[in-house]
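Visitor: Going by my numbering, the sequence shown opens with residue 153, and the numbers climb by one from there. First, the structure itself, so that you have it in front of you.
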Amino acid sequence: LSVFLSGAVGIGCFVCSSFDGNNRACEDPFNSTLELATKQREAASIANYHHPCWAFKKGRQGLFPADHCIKIIGHRAENVSKTMIIRTCALDSGTLTADTEIVRISHCGHFKFEGHHYTGCVQACDSDGCNSSEDRSHRVACSLFVVLLLTLVDVLRP
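Right, here's the structure in full:
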């Protein structure tokens, strides 16, 4: 039985939401252990973290192990003081078009949520705990790698 279940283990994601700053533990800069002062150490260390994270699958009933974490951050288009952050998980349902799969449409721009127009970002990722705050060190390291790679290609070009 464990052989069959090992492939069903889902991704671990942070799951929380904050509207207009009403959940400080979910806001950026993100700190998953923010509630240490008010909870037991064991409970605080896993605050808002679900592993495995469970999500709905299109055309099916019930919950399934998620394969992506999602972070949605934005402010209302008509009132920038109205903010939102949602951290959750999702499952690529395998449909052929990316327009219906939130895990395939990471972008920044405009989107609609619960009848309101927002400006912000919808970001999807596929590693454990990847929907915390933006990791700028990863972006810098990636940029340096690209520069080094381009330099190497230029040097090796005949």
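Note that CB positions come from ideal geometry on N, CA and C, so glycine has one too.
Measure how close the beta-carbons of residue 167 and residue 240 come, nearest whole angstrom, since I'm counting them as under 8 Å.
Guide: Sequence index remark: in the sequence shown, residue 167 carries index 15 (1-based). Sequence index remark: in the sequence shown, residue 240 carries index 88 (1-based). The Cβ separation is near 5 Å, so the contact holds.
Visitor: Name the two residues that bound the continuous beta strand (DSSP E) containing residue 242.
Guide: Residue mapping note: residue 242 aligns to position 90 of the sequence shown, counting from 1. Counting along the chain, the beta strand (DSSP E) containing residue 242 begins and ends at 235-242.
Visitor: Is the CB-CB distance between residue 220 and residue 255 below 8 Å?
Guide: Your numbering for residue 220 matches position 68 in the sequence shown. Your numbering for residue 255 matches position 103 in the sequence shown. Taking 8 Å as the Cβ cut-off, residue 220 and residue 255 qualify as a contacting pair.
Visitor: So, helix, strand or coil for residue 161, using DSSP?
Guide: Counting from one through the sequence shown, the residue named residue 161 turns up at place 9. It is coil, neither helix nor strand.
Visitor: So, residue 169 versus residue 210, is the Cβ gap smaller than 8 Å?
Guide: As a working note, residue 169 is residue 17 in the sequence shown. As a working note, residue 210 is residue 58 in the sequence shown. Cβ atoms of residue 169 and residue 210: not closer than 8 Å.
Visitor: Quick check: what's the CA-CA separation for residue 194 versus residue 236?
Guide: Position 42 of the sequence shown holds residue 194. Position 84 of the sequence shown holds residue 236. Bear in mind that a pLDDT of 49 at residue 194, under 50, signals an unreliable position, so the number given afterwards is only what the model happens to contain. Rounded to whole angstroms, residue 194 to residue 236 spans 28 Å at the Cα level.
Visitor: When DSSP labels each residue in this structure, what does residue 255 get in the three-state scheme?
Guide: Sequence index remark: in the sequence shown, residue 255 carries index 103 (1-based). Residue 255 falls in the helix class under three-state DSSP.
Visitor: Would you call the CB atoms of residue 199 and residue 218 closer than 8 Å?
Guide: By one-based count along the sequence shown, residue 199 stands at place 47. By one-based count along the sequence shown, residue 218 stands at place 66. No. Outside cutoff.
Visitor: Would residue 272 pass as a contact of residue 222 if the rule is Cβ separation under 8 Å?
Guide: Translated into the one-based positions of the sequence shown, residue 272 becomes position 120. Translated into the one-based positions of the sequence shown, residue 222 becomes position 70. No. Outside cutoff.
Visitor: According to DSSP, simplified to helix, strand and coil, what is residue 176?
Guide: Reading the sequence shown from its first residue, position 24 is the one you call residue 176. Helix.
Visitor: Helix, strand or coil: how does DSSP classify residue 282 here?
Guide: Against the sequence shown, residue 282 aligns to sequence position 130. Coil.
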